[in-house]
Amino acid sequence: MLELDGLTKTYAGFEFGPVDATVGDEVLAVLGPSGSGKTTLLSVIAGIVAPDSGSVSLNGRALSGRSLEDRRTGLVFQDGALFPHLTAHENIGYAATSDDRIDELATLLEIRDVLDRRPATLSGGEKQRVALARTLAADPDALLLDEPLSSLDAPIRRRLRSELHALFDSLDIPVVYVTHDQRTATALGDRIAIFRNGTIEQIGPPSTVLREPETRFVATFTGNENLFEGVATGDATVRVGDVELRTSEPVPAESAVTVCLHPSRIRLCDPSARPADGSAVPPTNVIRGTVDDWLNEGTEYRVHVNAAETSLALVTTARPPAFDRLAIDAGAPIQVAIPPQAVHLIPTAEAGF
Ligand code: ADP
Ligand code: MG
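Numbering (this note's numbering), first residue to last: 1446 to 1798.
Written as C-alpha cells, this is what we have:
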C-alpha cells in the first residue's frame, strides 16, 4: 500500500499539491495535461525530489530520509534511460540478484532474443521492455512509470499496452502510471486520477470518471465536447435552450446545471426514423437537426450536428457502417438520439471553469 499524505512542492511559478492518495495493489493511472505536475508527483514518490511538506509511506514504512535504493520504488522513464554502453542483459543484471531472475524477466517481457544487444540497436518498444525488466529486477515494492509508451508508434503502443495490463495484474504491488493519453489511462488504470495544476481534480474508476465528470475540466479532458448550460425543470427533465431532455435521475427543479453529453454516448439515427411501435409519441430525447460537417478520424467519424433548429451544436462519433448507412453529408437532415443515461449533469456552481 502506497500512501501519499499532504504532499506539496513549490517551484517558481508552479505549486504542486497538496496531494493525498492511497494506492493499494492496483494501477492508479495519473492523467493530466503537460505541465500539470505528473512527473513531479513521481519524482516525489521516488525520492528524486524532496517535498516541502507531507509524507510518502509504502507498506507502512515512511520513505522520507531513505536512500533511493532503500525506498524500493521502481521508476521507469519515458525514454527508458538505459545505460548505453551496457548490453540489455547487463542493463537488467545491474539490478538483478541472479541470472535466473534475468532469464525469468526476459521471458516475461519477450526480450530473450535481444539480451546481447546494446540500447542503440534496439527498437523503441524493445528498449522500454528492457527498461521495465531492469526496474522489475530490483523487486520493487511499488512501480512508478512516467509515460513509458509515449515515444512509441501507435501499433507497438497498443500491443505493449495490452501486455502491460496483464503484467501489472500479476505484480500485486501498487503501480502509479503517468500518462497524458486518455486511452492508455482507461485501458490500464483500475482507477484514474485526473491531474490539474498540481492537484488531483477527480479520482475514481475509469468508467465513473468518463461518465460522471465532476467538473468541466475533467469532462473536457476526457473528450466531452458537448457541454451546455441548462436548467433542471424538475421531474427528471432538463432544459437546454429550446430542448427538453429526459435524465435518468430526478434533478431538483430550477437548479442551474452544466449538461454533459459525451460524443461516444449519443447516437446518430435516420432522419425519417419513427418509434419502433409506430406510435405517434415522439421517442425520448431524439432531436432533429442537420449535419454541419464531419471529419474522418480513421477508425471513426466525428460529426457536427446543428440540432433543434441550430440551438444545440452537438458533436457525435459514428463508426463507418453507421456513417455510410446514414449517408451523412454536410447539410443533410439527421436525428440524434440521446439516451437519458447519457445525460450527465454537473451543478453549475461546482463545474469550475
Ligand atoms: P508534467 O509531468 O505533468 O508535464 P511536471 O511535473 O514535469 O509536469 O512539471 C510541472 C511544473 O513544474 C512545470 O511548470 C515545470 O516547469 C515545473 N517544474 C518541474 N520541475 C522543476 C524544477 N526542477 N525546477 C523548476 N520548475 C520545475
Ligand atoms: Mg512529465
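Idealized CB from N, CA, C, for every residue including glycine.
Beta strand (DSSP E) runs wholly inside the region 1660-1704, at least 3 long, in chain order
1672-1677, 1682-1685 and 1688-1691
In whole angstroms, what is the alpha-carbon distance linking LEU1740 and ARG1579?
Walking along the sequence shown from the start, residue 1740 turns up at place 295. Walking along the sequence shown from the start, residue 1579 turns up at place 134. The straight-line gap from Cα to Cα measures roughly 43 Å.
Is ILE1493 buried or exposed, if buried means 16 or more other CB atoms sit within 10 Å of its CB?
For the purposes of this step, residue 1493 is taken as residue 48 along the sequence shown, with counting starting at 1. Flag for ILE1493 reads exposed.
In the DSSP assignment, what residue or residues form a beta bridge with GLU1471?
Taking the first residue of the sequence shown as position 1, residue 1471 is located at position 26. GLU1471 pairs with nothing; no bridge assigned.
Would you call the CB atoms of THR1653 and ILE1791 closer than 8 Å?
On the sequence shown, position 208 is the one that residue 1653 refers to. On the sequence shown, position 346 is the one that residue 1791 refers to. No.
So, are the CB atoms of ALA1772 and CYS1714 less than 8 Å apart?
Numbered from its first residue, the sequence shown carries residue 1772 at position 327. Numbered from its first residue, the sequence shown carries residue 1714 at position 269. For ALA1772 and CYS1714, no; Cβs fall outside 8 Å.
Starting from the C-beta of ALA1582, find all residues in its chain whose C-beta is less than 8 Å away, skip the five residues before and the five after it, and write them out in chain order.
Within the sequence shown, the letter at position 137 stands for residue 1582. So the list reads ILE1537, GLY1538, TYR1539, ALA1540, ALA1541, THR1542, ARG1546, ILE1547 and LEU1550, once near-sequence residues are dropped.
Leaving out five residues on either side along the sequence, give the residues of the same chain with a beta carbon under 6 Å from the beta carbon of LEU1655.
Locating residue 1655 in the sequence shown gives position 210, counting from the first residue. So the qualifying residues of the chain are THR1667.
Three or more C-beta pairs under 8 Å: does that hold for the region 1687-1698 against the region 1741-1757?
yes
What residue from PRO1778, ASP1769, GLN1780 and GLU1745 has the CA that sits closest to THR1762's CA?
Reading the sequence shown from its first residue, position 317 is the one you call residue 1762. Nearest of PRO1778, ASP1769, GLN1780 and GLU1745 to THR1762, Cα basis: GLU1745.
From what residue to what residue does the alpha helix (DSSP H) around ILE1556 run?
Numbered from its first residue, the sequence shown carries residue 1556 at position 111. It is not in any alpha helix (DSSP H) - ILE1556 carries neither H nor E in the DSSP assignment.
Is there at least one non-hydrogen atom of the ligand MG closer than 7 Å to the beta-carbon of LYS1454?
In the sequence shown, residue 1454 corresponds to position 9, counting from 1. False, no ligand heavy atom lies under 7 Å from that Cβ.
Can you check which of these residues, ALA1632, VAL1621, LEU1447 and GLU1742, is closest to GLY1505 by C-alpha distance?
Here residue 1505 refers to the residue found at position 60 when the sequence shown is read from its first residue. For the residues ALA1632, VAL1621, LEU1447 and GLU1742, the minimum Cα distance to GLY1505 belongs to LEU1447.
Name the residue from THR1518, PRO1766 and ASN1751 whose alpha carbon lies nearest to the alpha carbon of GLN1780.
Counting from 1 along the sequence shown, the entry for residue 1780 is found at position 335. Out of THR1518, PRO1766 and ASN1751, ASN1751 has the C-alpha closest to the C-alpha of GLN1780.
Please report the residue range of the alpha helix (DSSP H) in which LEU1655 lies.
Taking the sequence shown and counting its residues from 1, one reaches residue 1655 at position 210. Its alpha helix (DSSP H) spans residues 1651-1656.
Report the rounded CA-to-CA distance for LEU1513 versus GLY1649, giving the unit in angstroms.
Position 68 of the sequence shown holds residue 1513. Position 204 of the sequence shown holds residue 1649. Using only the alpha carbons, I get a separation of about 30 Å.
Compute every distance between the C-beta of SER1481 and the non-hydrogen atoms of the ligand ADP, then say whether any falls below 7 Å.
Stepping through the sequence shown from its first residue, residue 1481 is reached at position 36. SER1481 Cβ: within cutoff of the ligand ADP.
Among ARG1562, ARG1516, GLY1462 and GLY1510, which one has its Cα closest to the Cα of GLU1387?
Since the first residue shown for the chain is 1446 and the last is 1798, residue 1387 is missing from the structure and cannot be characterised.
Of the listed residues ARG1603, LEU1605, PRO1585 and ARG1602, nearest to VAL1621 (C-alpha basis)
Taking the first residue of the sequence shown as 1, we reach residue 1621 at position 176. The candidate whose alpha carbon is nearest that of VAL1621 is PRO1585.
Could you check if HIS1707 is buried or exposed, using at least 16 other CB atoms within 10 Å of its CB as the buried criterion?
For this step, residue 1707 is matched to residue 262 along the sequence shown. Buried, since its Cβ has 16 or more Cβ neighbours within 10 Å.
Does the Cβ of GLY1525 have 16 or more other Cβ atoms within 10 Å, making it buried, or fewer, making it exposed?
Locating residue 1525 in the sequence shown gives position 80, where the first residue counts as 1. Buried, by the Cβ-count rule.
Using 10 angstroms around the beta-carbon of ARG1516, count the other beta-carbons present and answer buried if the total reaches 16, otherwise exposed.
One-based indexing of the sequence shown puts residue 1516 at position 71. Buried: at least 16 other Cβ atoms inside 10 Å.
Quick one: is ALA1474 buried, meaning 16 or more other Cβ sit within 10 Å of its Cβ, or exposed?
As a working note, residue 1474 is residue 29 in the sequence shown. Its Cβ being crowded by 16 or more others within 10 Å, ALA1474 is buried.
What is the DSSP secondary structure of PHE1522, counted as helix, strand or coil?
Here the question's residue 1522 lines up with position 77 in the sequence shown. In the structure shown, PHE1522 sits in coil (DSSP, three-state: anything other than H, G, I, E or B).
ASP1626: CB within 7 Å of a non-hydrogen atom of the ligand MG
For the purposes of this step, residue 1626 is taken as the residue at position 181 of the sequence shown. ASP1626: no, Cβ never under 7 Å from the ligand MG.
For the ligand ADP, is there a heavy atom less than 7 Å away from the beta-carbon of ALA1457?
By one-based count along the sequence shown, residue 1457 stands at place 12. Yes.
Pairwise C-alpha distance: GLU1555 and LEU1672:
Against the sequence shown, residue 1672 aligns to sequence position 227. Against the sequence shown, residue 1555 aligns to sequence position 110. Roughly 45 Å separates the two Cα atoms.
So the beta strand (DSSP E) ARG1604 belongs to, where does it begin and stop?
Locating residue 1604 in the sequence shown gives position 159, where the first residue counts as 1. ARG1604 -> not in any beta strand (DSSP E); alpha helix (DSSP H) instead, spanning 1599-1616.
Cα-Cα separation, LEU1560 to ALA1533
As a working note, residue 1560 is residue 115 in the sequence shown. As a working note, residue 1533 is residue 88 in the sequence shown. So the alpha carbons of these two residues sit roughly 5 Å apart.
For VAL1736, list the residues DSSP reports as bridge partners.
Within the sequence shown, residue 1736 is the residue found at index 291, counting from 1. Its beta-bridge partners are VAL1750.
Going by the DSSP bridge assignment, what does SER1502 pair with across the sheet?
Residue 1502 sits at position 57 when you count from the first residue of the sequence shown. Per DSSP, GLU1448 and ALA1507.
I want to check one thing, is the minimum distance from the CB of GLY1570 to the heavy atoms of the ligand MN below 7 Å?
In the structure on display, the ligand MN does not appear, and the ligands it does have are the ligand ADP and the ligand MG.
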